[in-house]
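Q:
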Amino acid sequence: MTDIQVILVDEFDKPTGTMEKHEAHHRGLRHRAISVYVFNPAGELLLQRRAAGKYHCGGLWSNTCCGHPYPGESARHAAERRLREEMGIELTLHKLFEFSYRLELANGMTENEYGHLFGAIDEQLPRPDPQEADDFRYVALPALEAEMAAQPQRFTPWFLLCYPSLKDYLRDNGAIPALALR
Numbered sequence: 002m003t004d005i006q007v008i009l010v011d012e013f014d015k016p017t018g019t020m021e022k023h024e025a026h027h028r029g030l031r032h033r034a035i036s037v038y039v040f041n042p043a044g045e046l047l048l049q050r051r052a053a054g055k056y057h058c059g060g061l062w063s064n065t066c067c068g069h070p071y072p073g074e075s076a077r078h079a080a081e082r083r084l085r086e087e088m089g090i091e092l093t094l095h096k097l098f099e100f101s102y103r104l105e106l107a108n109g110m111t112e113n114e115y116g117h118l119f120g121a122i123d124e125q126l127p128r129p130d131p132q133e134a135d136d137f138r139y140v141a142l143p144a145l146e147a148e149m150a151a152q153p154q155r156f157t158p159w160f161l162l163c164y165p166s167l168k169d170y171l172r173d174n175g176a177i178p179a180l181a182l183r
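Counting along the sequence shown from 1, when you hit position 69 you're at 70 in the working numbering, and nothing is skipped either side.
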């Protein structure tokens with residue numbers, strides 16, 4: 002076990018307790034999470050390929066980074082921390098929206114997360130931690146959508162589930178690269 006604690010929450014993101022991260026995933030309990038989406042000035046999204054050794058979804062392409070706030074840590078701070086830890090990028094992130102989902106994973110784990118999504122526009126060269134990500138790429142959204150439609154098995158289930166909401170948010174709040182970040 003990792004001994005990393007996650008914040009258990011209700012359907013409104015109100016904290017109800019804490020639990021060790023793997024136990025929360027095995028029991029399928031809803032907990033707070035963060036997801037980060039970094040775009041370059043050309044409007045391409047930075048994806049990471051999760052390290053093959055990750056305890057779930059290793060080797061799959063996903064959003065820029067994701068993770069969980071520690072008890073007492075804000076979602077924004079957690080998102081900026083995970084971006085630094087996973088991708089080696091120091092950046093101020095902007096809150097985009099919140100998104101809840103429940104996914105049963107192939108390994109008996111359940112992602113039951115109340116996610117806080119953050120974004121930014123930046124052109125720093127990522128320096129991924131090989132324990133977290135073993136590759137990265139910037140991709141234009143039309144090419145990404147074509148790839149996700151043709152080969153969905155190459156992407157994490159939560160990224161496939163969340164992407165339509167991200168696209169709607171971008172459409173409703175301003176075109177890339179403006180992103181209407183707030």
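Virtual Cβ for every residue (Gly too), placed ideally from N, Cα, C.
Helix, strand or coil for F13, going by three-state DSSP, please let me know.
A: coil
Q: Buried or exposed: E112, going by 16 or more other Cβ atoms within 10 Å of its Cβ?
A: buried
Q: At what residues does the alpha helix (DSSP H) containing E87 begin and finish?
A: A76 to M88
Q: Measure the beta-carbon distance from E87 to C66 and round it to whole angstroms, keeping in mind my assumption that it falls under 8 Å.
A: Rounded, the Cβ-Cβ distance is 4 Å, consistent with contact.
Q: Smallest Cα separation from C163: which of Y38, H32 and H27?
A: Y38
Q: Kindly indicate the opening and closing residues of the alpha helix (DSSP H) around F160.
A: P158 to N174
Q: Find out if the Cβ-Cβ distance for the pair R50, A134 is shorter than 8 Å.
A: yes
Q: On the CB-based measure, 16 or more other CB atoms within 10 Å of its CB, does L9 come out buried or exposed?
A: Buried.
Q: Taking Cβ to Cβ, would you say D123 is nearer than 8 Å to L92?
A: Yes, the pair counts as a contact, with Cβ atoms nearer than the cut-off.
Q: Do A79 and G68 have their C-beta atoms closer together than 8 Å?
A: yes
Q: Can L106 and L94 be called in contact, C-beta distance under 8 Å?
A: no
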